[in-house]
Amino acid sequence: MSEPTVFTSGLEGKSDLIVTYEPAAAFEIVVESSVKKLFGRHIREQAERTLKEFNVSKGKLSIKDDGALDFIIAARIEAALRKAGVAKAPLLAPPDRPPAEKDRLRRSRLYLPGNQPDLMLNAGLFGADSYILDLEDSVAPDQKLDARILVRRTLREAHRLFPGTELIVRVNPLTGPFGYDDLREIVPALPHLLLLPKCDSDRDVKEADREVAAIERELGIVGRVLFMPLIETVKGTVNALAIAQASPRSVAMCFGAEDFTRDLGVPRTREGKETLQARSQIVYAAKVAGLQAIDTVFSDVGDDEGLRASCLEAKGLGFVGKGVIHPRQIAIVHQAFAPTEAELEEAKKIMDAMKKAVETGAGVVSLGSKMVDAPVAERAKKLIAVARQMGLPGLEAY
Amino acid sequence: MQWVENALGRRVPAELDGRRLKPFKGAFQDQGGGVMAQRLVPLTTTPGRIDKVVRSWDDLWKRLSLRDGMTVSFHHHLRNGDFLVNETMRRLADLGLKNLVVAPSALFPVHDGLVDLIKSGAISHVEGSMNGQVGVACSKGLMKKAAVLRSHGGRYRAIQDGDLKIDLAVIAAPAADCFGNANGVLGKSAFGPIGIALADSLFADQVVVVTDNLIPFPCVPMSISGLNVDHVLTVDSIGDPTKIVSGTTKLTRSPTQLNIADLATRFVEAAGILREGFSFQGGAGGISLAFTQFLGERMAARGIKASFSVGGTTGILVDLMKRGLINYVTDGQSFDLAAVESLRDNPRHVEIDPFISYCQHARGCFAHMVDVAVLGATEIDLDFNVNVNTHSDGLLLHGIGGFADAAAGAGCTIITAPSFRKRIPILREKVTTVTAPGEVIDVVVTERGIAINPRRQDLLEKVKGRGLPLVTLPQLMDQIHALTGIPDAPRLGDRPVALIEWRDGSVIDVVRQVLD
């Protein structure tokens with residue numbers, strides 16, 4: 001088999017472009033675009049800027065564009081140049097980004113395939129608590145580099161595309177061929193969190209911690225990139241507590257039902273009895289380690305009622321959030337994870353009673369004929385705090 | 399050529415192709431006056447029973463007076479399923495006629511073949527809306543004279559006022575009788591309302607109804623009255639009604655479109671427009687359909703009922719009526735077959751024509767009874783001027799439809815659009831072509847924020863502090879341009895290839911020739 005002589009990146013489709021680079025002594029840029037009349041000059045200038053960024057001044061660069069934005073054009077050109085071996089990953093200072101908040105709301109996390117630029121453009125407007133730029137299951141092996149570069153450049157556009165939201169990158173497992181390259185590429189662009197898939201034991205998380213710490217050291221930062229281990233195997237479930245406690249970077253732990261049921265060798269049902277024990281175990285482990293527990297995705301995008309029921313069940317088990325795969329699921333998830341009116345009323349009454357007890361100097365707090373003991377009071381406080389975080393009205397007095 | 403500046407600062411010719419033009423003065427500056435178009439007294443009446451049926455094109459031509467340069471009109475109710483425009487124009491060209499003027503209410507990609515007749519000189523130009531290659535041909539300057547684009551209401555007005563003189567009206571009808579009565583709801587080619595052809599039937603010198611479904615007299619409902627019809631031509635098929643579907647008629651899955659529709663719905667609710675007995679403009683297209691659907695959900699949740707809707711009708715709108723959420727659907731054109739069926743069977747589904755819904759020279763029209771219209775656009779500028787006709791590259795690719803009329807009439811006109819398509823921004827400092835002036839546009843809703851026209855402080859006051867992402871147009875434009883970049887200007891020549899008429903017949907803008 002002969003070595004390839006043409007190197008390609010990008011996919012056919014709206015908001016993307018196909019870049020091919022052919023090493024040659026001469027220098028040529030050819031631009032074709034569905035928006036050529038309006039942006040032809042602009043695209044050529046962006047191509048020149050990107051070539052300059054990598055000091056490439058030879059070869060033939062061909063662009064077939066369908067309305068891609070500048071950062072996408074740059075990502076595709078970079079990928080083609082790197083495949084051709086004429087460019088290396090750039091060394092850039094980390095972007096100016098506020099660090100992740102450990103205990104923020106994580107009711108919904110929307111998955112975005114890492115190599116599909118059109119989905120990145122508006123996703124940040126849909127109101128999810130977190131967004132996951134995925135390098136793992138949604139990206140074919142021969143597109144990992146393209147996706148990695150696109151995700152890295154998307155992270156640098158985050159202030160425009162995802163203002164004020166949490167950005168998570170799902171990297172490939174370190175046990176496979178892509179994981180380390182993912183970390184090298186992505187960590188310097190400072191995602192808030194890394195979602196670590198297929199965690200089977202604490203070693204998986206510790207190894208990621210060690211590697212991320214090494215990259216951070218080179219960048220002159222410490223502990224900026226936090227973790228969200230994802231448990232989706234039987235072994236991982238059994239080791240849940242050790243995984244949850246493996247790194248101080250971890251803030252939340254997730255469950256993935258699709259891979260779990262495959263691993264267990266049973267079909268995934270709508271009721272989900274086959275995952276009940278695993279989910280509970282993950283909630284317990286997360287609780288003990290002080291992490292948030294986040295449930296798997298609900299994959300039937302058309303079934304709003306099923307999603308609502310699934311969220312309420314997850315909430316009942318102790319999860320604080322759910323994965324979502326379509327923006328239309330976000331509002332339903334947020335609604336389901338919000339305290340109910342009855343819960344809120346009860347909590348307010350308890351808070352009122354405690355306030356009254358303090359004012360009157362009563363040693364015992366009671367509500368009607370029932371005594372309010374410490375855990376009940378604590379739960380009420382927490383519920384009010386969560387409701388406030390969600391921006392629910394009528395909490396000014398609490 | 400002498401150019402003048404109209405009230406929007408757009409340069410328009412004072413005179414073109416031997417016709418004196420009125421520059422646009424303002425949305426409501428029309429003074430009326432004048433007299434309506436005159437029409438020939440019919441030549442004879444035959445004794446005995448009346449039968450206007452002709453069974454072949456050749457026989458039809460024998461009964462008509464045909465000449466070079468004549469104007470032939472069509473309606474567009476069959477949309478992309480129409481067979482008649484191509485057939486008629488090709489046959490007229492085969493007779494050796496030259497410089498014909500085509501006056502359709504709209505052309506679609508199915509009519510791309512007319513480009514050959516334009517090139518051969520059989521067709522001089524189009525007075526009507528164009529979607530597709532005929533529009534491209536027009537943009538490139540292939541027509542001998544400038545095309546004239548009018549809104550539905552504007553077209554009715556132009557015919558009624560005598561600005562658009564029709565020598566021959568060809569009216570496709572899914573059902574007709576030997577007397578010439580016709581409607582759009584019966585038969586294999588049923589397409590719904592036929593009202594766009596009303597003006598043609600009333601004011602053209604010669605009127606031919608063409609049908610593939612000749613039914614016994616009387617054809618009821620008599621949407622087109624045989625009293626105005628000269629001949630009834632029977633053919634095998636007038637078109638394919640499954641292709642009347644305009645864009646998507648299913649609820650969109652596009653998150654961005656759903657997001658925009660959701661914002662528009664929340665705006666309408668926050669502004670207090672969503673109240674018992676309110677009314678709205680119907681339409682097709684992803685955002686508009688989703689808006690209708692969401693509006694219905696909010697109405698159901700709050701126990702509110704709309705008094706009526708105006709304009710284009712879809713199955714989604716019909717469902718709202720069936721659920722008791724709308725009292726009457728007044729329907730100017732059907733966008734899907736569910737709407738066609740409903741018009742035929744449901745007495746609350748009422749056929750209307752552009753005189754009723756949109757005409758500025760009627761003594762009032764329904765558009766002005768509408769509380770809220772949600773409409774799309776290709777471009778919006780910082781003065782809230784809207785372009786629905788050309789793309790940013792200058793190509794004339796869309797008609798006006800009821801846009802200008804609905805926008806001018808509605809109590810609140812909302813433009814919904816994605817903030818960019820591919821990388822082409824919806825917001826421009828100046829639009830490429832003005833279809834409607836900013837004075838009739840109240841709100842712009844994109845997924846990146848809602849901008850309210852400063853003329854509507856009342857709306858702004860109502861929706862402030864209601865959790866909506868309010869922005870100014872310049873802020874929104876800067877935000878979008880930061881992502882997309884600013885497009886280069888297309889290369890345009892000075893020659894006006896099309897006039898954009900405001901509903902009163904004044905010229906609001908011209909489309910200039912696209913070079914290269």
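Chains A and B, in that order, are what the protein sequence lines are.
If you number the first sequence the way our numbering does, the last residue is 398 and the count never jumps.
If you number the second sequence the way our numbering does, the last residue is 914 and the count never jumps.
The beta carbon of each residue, even a glycine, is placed where N, CA and C say it ideally should be.
Where the beta strand (DSSP E) through A:Tyr-21 begins and ends: Your numbering for residue 21 of chain A matches position 21 in the first sequence. From DSSP, the beta strand (DSSP E) with A:Tyr-21 extends over 17-22.
Within-9 angstroms CB hit, B:Asn-657 to chain A: On the second sequence, position 259 is the one that residue 657 of chain B refers to. Output row for B:Asn-657: interface = yes.
Own chain, CB closer than 6 angstroms to B:Gln-604, minus 5 neighbours either side, in chain order: In the second sequence, the residue the question calls residue 604 of chain B occupies position 206. These residues qualify, in order along the chain: Leu-462, Leu-566 and Asp-628.
Neighbour flag for B:Ala-668 against chain A, beta carbons, 9 angstroms: Residue mapping note: residue 668 of chain B aligns to position 270 of the second sequence, counting from 1. So, not an interface residue.
First and last residue of the uninterrupted alpha helix (DSSP H) at A:Gly-236: Position 236 of the first sequence, counting from 1, holds the residue named residue 236 of chain A. Counting along the chain, A:Gly-236 sits inside the alpha helix (DSSP H) bounded by residues 234-238.
is_contact[B:Glu-777, chain A] using C-beta, thresh 9 angstroms: Translated into the one-based positions of the second sequence, residue 777 of chain B becomes position 379. It does not: the Cβ of B:Glu-777 has no partner Cβ on chain A nearer than 9 angstroms.
B:Arg-810, DSSP secondary structure in three states: As a first step, residue 810 of chain B is located in the second sequence; it is residue number 412 there, counting from the start. According to the sequence shown, residue 810 of chain B is Cys rather than Arg. Correct three-state label for B:Cys-810: strand.
Whole runs of the beta strand (DSSP E) within the stretch 117-183 of chain A, excluding any shorter than 3 residues: Restricting attention to beta strand (DSSP E) runs no shorter than 3 residues, the stretch 117-183 of chain A encloses them at 130-134 and 166-170, ordered along the chain.
Pairwise C-alpha distance: B:Lys-828 and B:Asp-876: Mapped onto the second sequence, residue 876 of chain B falls at position 478. Mapped onto the second sequence, residue 828 of chain B falls at position 430. The alpha-carbon atoms of B:Asp-876 and B:Lys-828 are separated by roughly 14 angstroms.
Contact the stretch 214-226 of chain A vs the stretch 89-106 of chain A: 3+ CB pairs below 8 angstroms: yes
Chain B within 9 angstroms of A:Pro-327, Cβ atoms only: Position 327 of the first sequence, counted from the start, is the residue given in the question as residue 327 of chain A. Cβ-Cβ to chain B under 9 angstroms: yes for A:Pro-327.
Inter-residue Cα distance where the pair is B:Ile-832 and B:Ala-698: For the purposes of this step, residue 832 of chain B is taken as the residue at position 434 of the second sequence. For the purposes of this step, residue 698 of chain B is taken as the residue at position 300 of the second sequence. As written in the sequence, residue 832 of chain B is Val, which differs from the Ile given in the question. Approximately 38 angstroms, taken between the alpha carbons.
Pairwise C-alpha distance: A:Ala-240 and A:His-159: Along the first sequence, one-based indexing puts residue 159 of chain A at 159. Along the first sequence, one-based indexing puts residue 240 of chain A at 240. Their backbone Cα atoms lie some 35 angstroms apart in a straight line.
Chain B contact for A:His-42 (CB, 9 angstroms cutoff): Walking along the first sequence from the start, residue 42 of chain A turns up at place 42. By this cut-off, A:His-42 is an interface position.
Alpha-carbon to alpha-carbon, B:Gly-680 and B:Ile-613: Taking the first residue of the second sequence as position 1, residue 613 of chain B is located at position 215. Taking the first residue of the second sequence as position 1, residue 680 of chain B is located at position 282. For B:Ile-613 and B:Gly-680, the distance between alpha carbons rounds to 32 angstroms.
Beta-carbon proximity of A:Ala-123 to A:Leu-193, cut-off 9 angstroms: Your numbering for residue 123 of chain A matches position 123 in the first sequence. Your numbering for residue 193 of chain A matches position 193 in the first sequence. Against a cut-off of 9 angstroms, the Cβ pair of A:Leu-193 and A:Ala-123 comes out as no contact.
Partners in chain A for B:Thr-882, counting only beta-carbon separations shorter than 8 angstroms: Locating residue 882 of chain B in the second sequence gives position 484, where the first residue counts as 1. In chain order: Leu-69.
With 16 other Cβ atoms within 10 Å as the buried cut-off, status of B:Gln-873: As a first step, residue 873 of chain B is located in the second sequence; it is residue number 475 there, counting from the start. Under this definition B:Gln-873 is an exposed residue.
Proximity test, Cβ basis, 9 angstroms: B:Thr-654 and chain A: Numbered from 1 along the second sequence, position 256 holds the residue referred to as residue 654 of chain B. So, interface residue.
Assumed close pair B:Ile-848, B:Leu-661 - CB separation to whole angstroms, cut-off 8 angstroms: Residue mapping note: residue 848 of chain B aligns to position 450 of the second sequence, counting from 1. Residue mapping note: residue 661 of chain B aligns to position 263 of the second sequence, counting from 1. That belief holds up - the Cβ atoms of B:Ile-848 and B:Leu-661 are roughly 6 angstroms apart, short of 8 angstroms.
Neighbour flag for B:Lys-820 against chain A, beta carbons, 9 angstroms: The sequence position of residue 820 of chain B within the second sequence is 422, counting from 1. Closer than 9 angstroms: yes.
Near-chain A residues of the stretch 876-900 of chain B (beta-carbon distance less than 9 angstroms), N- to C-terminal order: Gln-877, Ala-880, Leu-881, Thr-882, Gly-883, Ile-884, Pro-885, Asp-886, Ala-887, Pro-888 and Arg-889
Given B:Lys-460 as reference, the closest of B:Asp-466, B:Val-452 and B:Gly-467 once Cα atoms are compared: On the second sequence, residue 460 of chain B is found 62 positions in, with the first residue counted as 1. Cα-wise, what sits closest to B:Lys-460 is B:Val-452.
Nearest neighbour of B:Val-606, chosen from B:His-473, B:Leu-723 and B:Gln-855 [CA to CA]: Residue numbering aside, residue 606 of chain B sits at position 208 when the second sequence is read from its first letter. Minimum Cα distance to B:Val-606 is reached at B:His-473.
A:Leu-383 and A:Ala-347 closer than 9 angstroms at C-beta: Translated into the one-based positions of the first sequence, residue 383 of chain A becomes position 383. Translated into the one-based positions of the first sequence, residue 347 of chain A becomes position 347. Between A:Leu-383 and A:Ala-347, the gap from beta carbon to beta carbon is short of 9 angstroms.
Listed by chain order, chain A residues near B:Arg-846 by CB distance under 9 angstroms: In the second sequence, counting from the first residue as 1, residue 846 of chain B sits at position 448. Result: Asn-122 and Leu-125.
Cutoff 8 angstroms; reference B:Ser-370; Cβ partners in own chain excluding five residues on either side: Any property of residue 370 of chain B remains undetermined from this structure, which presents chain B solely from 399 to 914.
Contact set between the stretch 19-36 of chain A and chain B, restricted to residues whose Cβ is under 8 angstroms from the partner: Ser-34 and Val-35
Same chain, Cβ closer than 6 angstroms to A:Thr-20, five either side skipped, listed in chain order: If you number the first sequence from 1, residue 20 of chain A lands on position 20. These residues qualify, in order along the chain: Val-6, Thr-8 and Ser-62.
Anticipated Cβ contact below 8 angstroms, B:Gly-713 with B:Asp-734, distance rounded: The residue given as residue 713 of chain B occupies position 315 in the second sequence. The residue given as residue 734 of chain B occupies position 336 in the second sequence. The pair is a contact, with the Cβ atoms about 5 angstroms apart (cut-off 8 angstroms).
Amino acids of chain A, ordered along the chain, whose beta-carbon sits closer than 8 angstroms to that of B:Ser-790: Numbered from its first residue, the second sequence carries residue 790 of chain B at position 392. Simply Leu-38.
Partners in chain B for A:Arg-160, counting only beta-carbon separations shorter than 7 angstroms: Taking the first sequence and counting its residues from 1, the one referred to as residue 160 of chain A is at position 160. Those are Ala-880 and Leu-881, listed as they occur along chain B.
Distance between beta carbons of B:Ile-592 and B:His-747, contact taken as under 8 angstroms: Locating residue 747 of chain B in the second sequence gives position 349, where the first residue counts as 1. Locating residue 592 of chain B in the second sequence gives position 194, where the first residue counts as 1. Contact doesn't hold; Cβ gap of about 14 angstroms is too wide.
Test item: CB-CB of B:Pro-888 and B:Asp-791 under 9 angstroms: Stepping through the second sequence from its first residue, residue 888 of chain B is reached at position 490. Stepping through the second sequence from its first residue, residue 791 of chain B is reached at position 393. Cβ atoms of B:Pro-888 and B:Asp-791: closer than 9 angstroms.
CA-to-CA distance, B:Pro-421 to B:Glu-413, given in whole angstroms: The residue you call residue 413 of chain B lines up with position 15 of the second sequence. The residue you call residue 421 of chain B lines up with position 23 of the second sequence. Their Cα atoms are separated by approximately 10 angstroms.
Spatial distance of B:Val-532 from B:Val-513 (CA atoms): Here the question's residue 532 of chain B lines up with position 134 in the second sequence. Here the question's residue 513 of chain B lines up with position 115 in the second sequence. B:Val-532 and B:Val-513 have their C-alpha atoms some 6 angstroms from each other.
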